[in-house]
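Just so you know, our numbering puts the end of the sequence shown at 1146, numbered straight through with nothing missing.
Taking it in order: structure first as structure tokens, then the write-up.
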Amino acid sequence: MPITENLIRALPKTDLHVHLDGSLRLSSLIEMAEQRGVSLPSNTPEGMTELVFKERYDSLADYLKGFFYTGAVLRDSEALERAAYELMMDNIEEGVRYVEVRFAPQLHIGDSLDMLDVCLAVNRGLKRATDEVNRSDPVRSDGEPPFTYGMILCAMRMFTEEFSPYFSRMIQVHSESPPKQIFGLASLELVRAAVRIRDEYGLPIVGFDLAGQENGYPAIDHVEAYRYAHEHFLKKTVHAGEAYGPESIFQAITALHADRIGHGYHLFSPWLIENRAVSDRGTYVRELSEYIADRRITIEVCITSNLQTNPNIRVAGNHAMQEMLNRRLSVTLCTDNRLVSNTTVTREIMLAADTFGLDPELLKNIIIYGFKRSFYPGTYMEKRNYVRKIIDYYEQIEAEHLGEERAEA
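Here it is in structure tokens:
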């Protein structure tokens, strides 16, 4: 059975790594900026695509510049709710049944918003979208699995006063402390709020993440926050191996107890190992990848994003996903940022299928891994039942497409 775009759009899918502030609709960004007096380099989609949201970027730092504009408009409840609603609807439109939307509340806190306000606004948007579509007859009659979501709160590896009013105040209050200590304190404050909001308000906060500039800002600075998450049964993912080497991934899965790894692109880059105590870099990489494979630590692969932030990759065929597949790692395909990378889940899966020659069996394994390794907001048995429904529905869609091909033949 050939893997076509129509088939992929019809299949149930996940996106476990998608940033809210990197996934606005471009038209909405322009409209919200005009309403809020935020100056953009251009007031047209074509101009913004040429000047900001480019096809290729010089580096991760260049890639992150677009977030200055998206972050500037997401400073009130109405904007956050709208962005969350539209993101969920965009996913639903292409058949993504489960989404884990990640965002950094501390980037959005301002004079009129606190941590709780930010989380409530995002949840309202996500819930409104899922409630609307789940009222349809196929879902209500149990003929299709429902659409659902979780929220992952992101801490920042580093920040400056320009990041947001919250971070500005954080630096001023702790002006006598070294920067890495301030970064760690902000993360600890965030994870404590995440657990409290989850427990007291029942929001589907399913995970904790560490994002931002990787090189020079090690995850170990945030170990106390991750220890708190671990002790309070909040699942954990870490951006690691995106712009730094295997040591970053090792630190994430050992010191931070990461359940999943965001990107993991440089897992197989022994030349990036800087620890002088590592005498055999090849063995280090092999044993690290074996550990990840054995523990089924899923890697959230974002091919287009990696192509844009690592100019040396050049073409998708050079992406480390091929080696991940060769070593039987658990991988799931994600968008990272739908706006900044101009992509969708369907597009990422098609890119992987065309580039790495995925057959139907491998495609199914990768897509189902997304559901199995999700931080599903329910009990273990509820998750098992949901995954079973997804598998049954997946096989139904496969059979329908196979029947259509035979009829056409």
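Glycine included, every Cβ here is placed at the ideal spot set by N, Cα and C.
Assumed close pair residue i, residue j - CB separation to whole angstroms, cut-off 8 Å
i: V928; j: F945; result: 6 Å
i: Y1113; j: Y1123; result: 7 Å
i: G808; j: F790; result: Wrong, their Cβ atoms sit about 14 Å apart, outside the cutoff.
i: I745; j: M1087; result: 6 Å
i: K1126; j: P882; result: 4 Å
i: C856; j: L940; result: 6 Å
i: A892; j: L947; result: 5 Å
i: H1056; j: N1043; result: 6 Å
Cβ of residue i within 8 Å of any chain B Cβ
i: R1125; result: Among the chains in the structure shown there is no chain B, since it carries only a single protein chain.
Cβ neighbour criterion (16 or more within 10 Å) applied to residue i
i: F1231; result: As shown, the chain starts at 738 and ends at 1146. That puts residue 1231 outside it, with no answer to give.
i: Y938; result: exposed
i: P842; result: buried
i: H1118; result: A quick correction: the sequence has Met, not His, at residue 1118. The residue in question, M1118, is exposed, as its Cβ has fewer than 16 Cβ neighbours within 10 Å.
i: G982; result: buried
i: E837; result: buried
i: E742; result: exposed
i: L1173; result: The requested residue 1173 does not occur in the structure, where the chain is confined to residues 738 to 1146.
i: R1084; result: buried
i: S901; result: buried
i: D758; result: buried
i: N1047; result: buried
i: T1069; result: buried
i: E984; result: buried
i: P739; result: exposed
i: R877; result: exposed
i: G1001; result: buried
i: S779; result: exposed
Endpoints, alpha helix (DSSP H) assigned at residue i
i: Y1028; result: 1018-1031
i: H1151; result: Nothing about residue 1151 can be read from this structure; the chain reaches only from 738 to 1146.
i: R997; result: Run containing R997: none in the alpha helix (DSSP H); it sits in the beta strand (DSSP E), 997-1000.
i: Y954; result: Careful: Y954 lies outside any alpha helix (DSSP H) and carries neither H nor E.
i: T786; result: 782-788
i: T1041; result: 1040-1046
i: I942; result: It is not in any alpha helix (DSSP H) - I942 instead sits in the beta strand (DSSP E) that spans 942-948.
i: T807; result: 804-810
i: V1082; result: 1082-1093
Limits of the beta strand (DSSP E) - the one that residue i falls within
i: Y835; result: 833-840
i: G978; result: Element bounds for G978: n/a, residue is neither H nor E.
i: M888; result: 885-893
i: D752; result: 750-756
i: T1072; result: Careful: T1072 lies outside any beta strand (DSSP E) and carries neither H nor E.
Residue i versus residue j - alpha carbon distance
i: C1071; j: R1013; result: 34 Å
i: Q1045; j: D958; result: 27 Å
i: E787; j: A1030; result: 40 Å
i: T1116; j: V943; result: 12 Å
i: S764; j: T781; result: 8 Å
i: R872; j: D879; result: 11 Å
i: S1006; j: D848; result: 44 Å
i: L817; j: D1096; result: 39 Å
i: R1110; j: V810; result: 33 Å
i: S1067; j: F1093; result: 15 Å
i: G832; j: L748; result: 6 Å
i: V1052; j: D936; result: 45 Å
i: D1091; j: G1054; result: 10 Å
i: E898; j: I846; result: 13 Å
i: N1049; j: L1076; result: 22 Å
Check whether the stretch 863-879 touches the stretch 818-835, taking contact to mean three or more Cβ pairs, one atom from each stretch, closer than 8 Å. Output reads yes: the stretch 818-835 touches the stretch 863-879.
Decide yes or no for the touch test of the stretch 980-996 against the stretch 1027-1038: beta carbon pairs closer than 8 Å, at least 3 of them. Output reads yes: the stretch 1027-1038 touches the stretch 980-996.
Per the contact definition of three or more C-beta pairs closer than 8 Å, is the stretch 1060-1069 in contact with the stretch 757-774? Counting Cβ pairs under 8 Å, fewer than three are found: no touch.
Between the stretch 972-990 and the stretch 917-928, do at least 3 Cβ pairs fall closer than 8 Å? Touching, no, given that fewer than three Cβ pairs across the two stretches are closer than 8 Å.
Tell me, please, whether the stretch 1089-1108 touches the stretch 1125-1141 by the rule of three or more beta-carbon pairs shorter than 8 Å. Yes, the stretch 1089-1108 touches the stretch 1125-1141.
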